[in-house]
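See below for the structure under consideration.
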RNA sequence: GGCCCUAUGGAGAAGCGGCUUAACUCAUCGCCCUCUCAAGGCGACAUUCACGGGUUCGAAUCCCGUUGGGGUCACCA
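In this note's numbering, the protein residues as written are 5 to 559.
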């Protein structure tokens, strides 16, 4: 009769350390009362997901707020789906949002006493724990093939039973150690399963920091903990890592609630205290049929954080928006703060809504406009440069032509009490301000300009010529506008809307129309920043050139 | 399908048995202001809290049921 110990030694002959040794190697952290140790545990299977950004934001927040530790652990146990380099990418994208771990996997390096922080490098640690489970008779090798498993599932479906590997369906559980040794010696491939003592008819009480208390069926599945490739599965790695890395609160997506019973049983049989759990609502989106669904990286561009970066949204805005989803009282708070110092906000799990919010692009844009509006000239120029350098060659080229000039453009009605808020991202900046540049302007007006159709070409020419000769830009804004009003009045335009409305038949239009004609001529657009400043920046000579150019096309 | 989570306007939500003829923010729509936009100011937008019962003098708030939405049932995380 082969003992459990002998079986364990046969499977893991090289493992000499014990669980106790590991306990000593990774002692409890010396942290003050209430300090939370949180972790973000991505798998390197692609770029940063908006939902992951949300989770890591909260992890960072909780750790900072409690004087704890936030670390990153790379969960690279799925070798098939792994994408080279995505781990580094993840970390560098987090950094853009100012989410920097205190410890753990840092991209090109690791930091901290509880490592390694890359699961594939922790294989030995998992083996120590699995060997222990084997010795205790709480784990066993399973030789079932995918076909065997499939057959089990089919028979269960036919009988309308819960699918899975459990109780009497767990065939390999029934094998004797002698039979196991025999099969192993024959070279049969195997995985190692956890032997559950649970019954799904029993309910267990669980507590979640955001959902509160609820009941859920006990686990009865003999889940795989050790794959045939020698790496652990998520469930097992979660228990081992969060125990030995001394995580106090596991913050993860709601999709994990269903496997909570597995995790709880794992912690129990290992004799470990389970961490606190916080299952975050998932960010959703409305699909074409009007159904809600989880933001999907494959289907939704806004699911990838890179989308916002590439389009030039300020990182702060995304974080601010995400905070409004995280805590319902954040929005009111940040309004009071005038959209500043959001790091001072006190996050709490209890103020979190339980239903997954629909991603609201409009609200993100609102925050983005507020944030960009608040930037000083130097800040906005710096941000634009950084963005252009990385993502937008056309913008980069514009800025490079003359940075001072670009700064002047961006500074129109900025750095004042009520700054303009018309930029929400840098992605469309070239389109919005291109007309300031001669060659772009000439290109823009090539196809002709569209003026208000109530004016004839000769009306327009008359206005433009009068403005060209009569409108001075070397005066203050008020005088400049009074100047334009006066010119307009001479040509039959009312000085303001009220006067026009009283006797509409007496006028061709209002000063507004005069300004619009000038604006379209100078910028090629119906809307632009403050015309006075546009003219100042363009300078008299260029304004005249543009007027002449347009006039010639209208004659 | 089983199990779990969840349910207040177009969106995010406050509300925790009487203070609610349901706060606030975004969006939308009006009006005012205005050189166009943007901003700003003012106003409109849930007779009602998914539905049906019940408890109560009184319910969005408590209980039961139904329905809708989401998640999950892998050698993926």
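Even for Gly, the Cβ is constructed at its ideal location relative to N, Cα and C.
Where does the unbroken beta strand (DSSP E) through residue 143 begin, and where does it stop? To locate residue 143, count along the first chain from 1; it is residue 139. Start and end: 143-146.
Strictly by DSSP, which residues pair up with residue 308? By 1-based counting over the first chain, the position of residue 308 is 304. Answer by DSSP bridge pairing, in chain order: 53.
Between residue 54 and residue 307, which are expected to be in contact by the criterion C-beta below 8 Å, what is the C-beta distance as a whole number of angstroms? As a first step, residue 54 is located in the first chain; it is residue number 50 there, counting from the start. As a first step, residue 307 is located in the first chain; it is residue number 303 there, counting from the start. Confirmed, about 5 Å.
Does the region 535-545 come close enough to the region 411-428 that 3 or more CB-CB pairs lie under 8 Å? yes
So which of 232, 156, 268 and 450 has the shortest CA-CA distance to residue 188? Along the first chain, one-based indexing puts residue 188 at 184. Among 232, 156, 268 and 450, the Cα nearest to that of residue 188 is on 232.
Cα-Cα, which of 395, 164, 388 and 424 is closest to residue 407? For the purposes of this step, residue 407 is taken as residue 403 along the first chain, with counting starting at 1. Closest by alpha carbon: 388.
Just how far apart, CA to CA, sit residue 161 and residue 168? Here residue 161 corresponds to residue number 157 of the first chain, with the count starting at 1. Here residue 168 corresponds to residue number 164 of the first chain, with the count starting at 1. Between residue 161 and residue 168, the C-alpha separation is close to 10 Å.
Where residue 40 falls: helix, strand or coil (DSSP): Translated into positions along the first chain, residue 40 becomes position 36. Residue 40 falls in the coil class under three-state DSSP.
For residue 515 and residue 544, I'd like the C-alpha separation in whole angstroms. Counting from 1 along the first chain, the entry for residue 515 is found at position 511. Counting from 1 along the first chain, the entry for residue 544 is found at position 540. Straight-line Cα distance between these residues: approximately 21 Å.
Distance check for residue 112 and residue 431, CA to CA, integer angstroms please. In the first chain, counting from the first residue as 1, residue 431 sits at position 427. In the first chain, counting from the first residue as 1, residue 112 sits at position 108. Distance between the alpha carbons of residue 431 and residue 112 is about 30 Å.
Check for me: the alpha helix (DSSP H) holding residue 505 runs from which residue to which? Residue numbering aside, residue 505 sits at position 501 when the first chain is read from its first letter. Element bounds for residue 505: 501-506.
Going by DSSP, what residue range makes up the alpha helix (DSSP H) through residue 278? Translated into the one-based positions of the first chain, residue 278 becomes position 274. Counting along the chain, residue 278 sits inside no alpha helix (DSSP H), nor does DSSP assign it H or E at all.
For residue 496 and residue 301, which I take to be in contact (beta-carbon distance under 8 Å), what is that distance rounded to the nearest angstrom? As a first step, residue 496 is located in the first chain; it is residue number 492 there, counting from the start. As a first step, residue 301 is located in the first chain; it is residue number 297 there, counting from the start. Not a contact, Cβ separation roughly 60 Å.
Could you give the residue range of the alpha helix (DSSP H) that holds residue 525? The residue given as residue 525 occupies position 521 in the first chain. In the DSSP annotation of this structure, the continuous segment of the alpha helix (DSSP H) that includes residue 525 starts and ends at 515-527.
DSSP beta-bridge partners of residue 174: Here residue 174 refers to the residue found at position 170 when the first chain is read from its first residue. Answer by DSSP bridge pairing: none, since residue 174 is not bridged.
Under the rule that 16 or more other beta-carbon atoms within 10 Å means buried, what is residue 506, buried or exposed? Taking the first residue of the first chain as 1, we reach residue 506 at position 502. The residue in question, residue 506, is exposed, as its Cβ has fewer than 16 Cβ neighbours within 10 Å.
Outcome for residue 525 when other beta-carbon atoms lying within 10 angstroms are tallied against a minimum of 16: Position 521 of the first chain, counted from the start, is the residue given in the question as residue 525. When all chains shown are included, residue 525 counts as buried.
Here's a check: name, in chain order, each residue in its chain whose Cβ is nearer than 6 Å to the Cβ of residue 566, leaving out the five neighbours to either side. Outside the shown range of the chain, which is 5 to 559, sits residue 566, and nothing can be said about it.
Identify the continuous beta strand (DSSP E) that holds residue 289 and give its terminal residues. Within the first chain, numbered from 1, the residue matching residue 289 stands at position 285. 288-290 is the span of the beta strand (DSSP E), which, as asked, contains residue 289.
DSSP state of residue 210, grouped into three classes? In the first chain, the residue the question calls residue 210 occupies position 206. Here residue 210 sits in strand by DSSP.
Please state if the CB of residue 64 and the CB of residue 74 are separated by a distance shorter than 8 Å. By one-based count along the first chain, residue 74 stands at place 70. By one-based count along the first chain, residue 64 stands at place 60. Result yes, Cβ atoms of residue 74 and residue 64 sit closer than 8 Å.
Report all residues from its chain with a CB closer than 8 Å to the CB of residue 548; omit the five preceding and five following residues, and keep chain order. One-based indexing of the first chain puts residue 548 at position 544. Residues of the same chain with a CB within less than 8 Å of the CB of residue 548, apart from the 5 flanking positions on each side, are 472 in chain order.
Nearest-angstrom Cα separation, counted from residue 440 out to residue 121: In the first chain, the residue the question calls residue 121 occupies position 117. In the first chain, the residue the question calls residue 440 occupies position 436. Near 51 Å, if we compare the C-alpha coordinates of residue 440 and residue 121.
Report the rounded CA-to-CA distance for residue 239 versus residue 268, giving the unit in angstroms. What you label residue 239 is simply residue 235 of the first chain in a count that begins at 1. What you label residue 268 is simply residue 264 of the first chain in a count that begins at 1. Rounded to the nearest whole angstrom, the CA to CA distance from residue 239 to residue 268 is 10 Å.
DSSP state of residue 228, grouped into three classes? Your numbering for residue 228 matches position 224 in the first chain. Here residue 228 sits in strand by DSSP.
Enumerate in chain order the residues of its own chain whose CB-to-CB distance from residue 127 is below 7 Å, with the five nearest sequence positions on each side excluded. By 1-based counting over the first chain, the position of residue 127 is 123. Around residue 127: 234 and 235.
Given this structure, state the Cα-to-Cα distance separating residue 379 from residue 94, to the nearest angstrom. Position 375 of the first chain holds residue 379. Position 90 of the first chain holds residue 94. Taking the straight line joining both Cα atoms gives about 27 Å.
Identify which residue in 283, 69 and 251 has its Cα closest to the Cα of residue 260. The residue you call residue 260 lines up with position 256 of the first chain. For the residues 283, 69 and 251, the minimum Cα distance to residue 260 belongs to 283.
Neighbourhood of residue 42 by C-beta, 6 Å cutoff - its chain only, sequence neighbours within 5 removed: Position 38 of the first chain, counted from the first residue, corresponds to residue 42. The residues are 63, 66, 67, 74, 253 and 255.
N-terminal and C-terminal residue of the alpha helix (DSSP H) that residue 109 is part of: Taking the first residue of the first chain as position 1, residue 109 is located at position 105. Boundaries for residue 109: no alpha helix (DSSP H) harbours it, while the beta strand (DSSP E) harbouring it runs 107-109, taken from the DSSP string.
For residue 143, which residues from the same chain have a beta carbon less than 7 Å from its beta carbon, with the 5 sequence-adjacent residues on both sides left out? What you label residue 143 is simply residue 139 of the first chain in a count that begins at 1. Excluding residues within five positions, the ones whose Cβ falls inside 7 Å are 134, 137, 196, 197, 198, 199 and 229.
What would DSSP say about residue 74, mapped onto helix, strand or coil? In the first chain, the residue the question calls residue 74 occupies position 70. The answer is strand: DSSP assigns residue 74 an E or B state.
From what residue to what residue does the beta strand (DSSP E) around residue 217 run? Residue 217 sits at position 213 when you count from the first residue of the first chain. Per DSSP, residue 217 belongs to the beta strand (DSSP E) from 216-221.
Which residue comes first and which comes last in the beta strand (DSSP E) that contains residue 257? Here residue 257 is taken as the residue at index 253 of the first chain, counted from 1. Counting along the chain, the beta strand (DSSP E) containing residue 257 begins and ends at 253-257.
Within 10 Å of its beta-carbon, does residue 368 have 16 or more other beta-carbons around it, so buried, or fewer, so exposed? As a working note, residue 368 is residue 364 in the first chain. Answer is buried; the Cβ neighbour count reaches 16.
Does DSSP put residue 190 in a helix, a strand or coil? Counted from its first residue, the first chain places residue 190 at position 186. Three-state DSSP puts residue 190 in coil, outside helix and strand.
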